[in-house]
Amino acid sequence: MKETKKTGGKWRVRITLPVIFITLITVTTLFIIFLNYYSTKQSVYAIADDLMTKISEHALEKTLNHLGPAGKQVKINSMSSDGGIFSSDFNEKIETFTKHQLRCFPQFSMVNFGNERGDFWMTKRMPNGTVSTKIVKRLDTSPTCENLIRKGRDEMPSETDADKAEIGRTVAPCIQTRWIHRNQKDQVLSNVEEPHGCYDPRIRPWYKGAKGKQSLFGLMLCLFI
Numbered sequence: 001m002k003e004t005k006k007t008g009g010k011w012r013v014r015i016t017l018p019v020i021f022i023t024l025i026t027v028t029t030l031f032i033i034f035l036n037y038y039s040t041k042q043s044v045y046a047i048a049d050d051l052m053t054k055i056s057e058h059a060l061e062k063t064l065n066h067l068g069p070a071g072k073q074v075k076i077n078s079m080s081s082d083g084g085i086f087s088s089d090f091n092e093k094i095e096t097f098t099k100h101q102l103r104c105f106p107q108f109s110m111v112n113f114g115n116e117r118g119d120f121w122m123t124k125r126m127p128n129g130t131v132s133t134k135i136v137k138r139l140d141t142s143p144t145c146e147n148l149i150r151k152g153r154d155e156m157p158s159e160t161d162a163d164k165a166e167i168g169r170t171v172a173p174c175i176q177t178r179w180i181h182r183n184q185k186d187q188v189l190s191n192v193e194e195p196h197g198c199y200d201p202r203i204r205p206w207y208k209g210a211k212g213k214q215s216l217f218g219l220m221l222c223l224f225i
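All the letters of the sequence shown, read from the start, carry residue numbers 1 to 225 under the numbering used here.
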């Protein structure tokens, strides 16, 4: 009887000790795995955060270097416009001035000017590398003409060619719009009238924003003053 009890006790010890040992090893292993996972996770997060910070700083630096000249040039243009040179009497000089700006700064796609009369100049780099200029000259700034131009502009999006021609005849005494297209050698290819043109820079967000702020104004990665 005593032998049986001793044998049973030894058997339980033989089973219990390995189970406890295995349990301790398992718990310890899981704990170590968890610590390694947590440590690795934090390290990865730290590396990722540092990498994203460096990428953001690099992108910001590149953006500022890319757009910085635009802001400076806009300020120069603003100071130049105080002398009244941006009027329809100086179309050729304005055109030459803005063409040189596009040549000096390849990141510029266009240079726009608008005045309080509603005159407008846009020198634009075209997809094929040539430069074209759009010139809008107000011939009459009376309230009657302002209403005719506004009406023509409101009706324009859905009009047929015949309707556009009618709009052109209506606004002809009030506004003149033309495009000057050049080739790669800067020679004039065409000087095209746009009879139905009713563009008014004064209602555009870039003009209103710059005029209202009276300082450098950015809109969709464009800078105005």
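Where a beta carbon is used, it is the ideal one built from N, C-alpha and C, also for glycine. Here the structure is a predicted model, which is why all the values come from computation and not from measurement.
Using a Cβ-Cβ cut-off of 6 Å (strictly less than) and excluding sequence neighbours within five positions of residue i, which residues of its own chain qualify?
i, result
"Gln167", "What sits at residue 167 in the sequence shown is Ile, not Gln. The answer, listed in chain order, is Gly152 and His196."
"Ser109", "Arg125"
"Glu95", "Thr133"
Between the options, which lies nearest to residue i when the distance is taken from Cα to Cα?
i, options, result
"Lys134", "Pro205, Met122, Lys208 and Phe97", "Met122"
"Leu139", "Thr26, Gln187, Ser109 and Pro173", "Pro173"
"Met156", "Asp49, Lys54 and Thr170", "Thr170"
"Pro201", "Ile180, Phe113, Glu193 and Asn128", "Phe113"
"Thr144", "Thr26, Asn115 and Ile175", "Ile175"
"Glu193", "Ile47, Ala165, Ile203 and Met52", "Ala165"
"Ser142", "Ile20, Gln73 and Gly118", "Gly118"
"Trp208", "Asn115, Leu148 and Ile149", "As written in the sequence, residue 208 is Lys, which differs from the Trp given in the question. Closest option to Lys208, Cα to Cα, is Asn115."
By Cβ distance, which residues of its chain are closer than 8 Å to residue i, with the 5 residues on each side in sequence left out?
i, result
"Val131", "Lys99, Leu102, Thr123, Lys124, Arg125, Arg182 and Asp186"
"Met52", "none"
The alpha helix (DSSP H) that contains residue i, what's its start and end?
i, result
"Arg117", "Taken as a continuous stretch (DSSP letters only), Arg117 belongs to no alpha helix (DSSP H), as it is neither H nor E."
"Asn147", "Pro143 to Glu155"
"Tyr207", "Pro205 to Lys213"
Excluding the 5 residues flanking residue i on each side, which residues of the same chain have their C-beta closer than 7 Å to its C-beta?
i, result
"Tyr199", "Phe120, Val136 and Thr177"
"Leu189", "His181, Arg182 and Asn183"
"Asn191", "Arg178 and Ile180"
"Val111", "Thr98, Gln101, Leu102 and Thr123"
"Lys2", "Summary for Lys2: the model assigns pLDDT 47, below 50, so the residue's position carries little reliability, and this model does not support an answer."
"Ile149", "Val171, Cys174, Ile175, Cys198 and Asp200"
Which partner residues does residue i have in the DSSP bridge list?
i, result
"Val19", "According to DSSP, Val19 bridges with nothing at all."
"Met182", "For the sequence presented, residue 182 should be read as Arg rather than Met. The partner list for Arg182 (beta bridge, DSSP) reads Val188."
"Glu193", "Arg178"
"Asn112", "Met122"
Following the continuous beta strand (DSSP E) through residue i, name the residue where it begins and the one where it ends.
i, result
"Ile94", "Unbroken run through Ile94 is the alpha helix (DSSP H), Asn91 to Cys104; no beta strand (DSSP E)."
"Ile167", "Element bounds for Ile167: not the beta strand (DSSP E) but the alpha helix (DSSP H), Asp161 to Val171."
"Ser132", "Val131 to Arg138"
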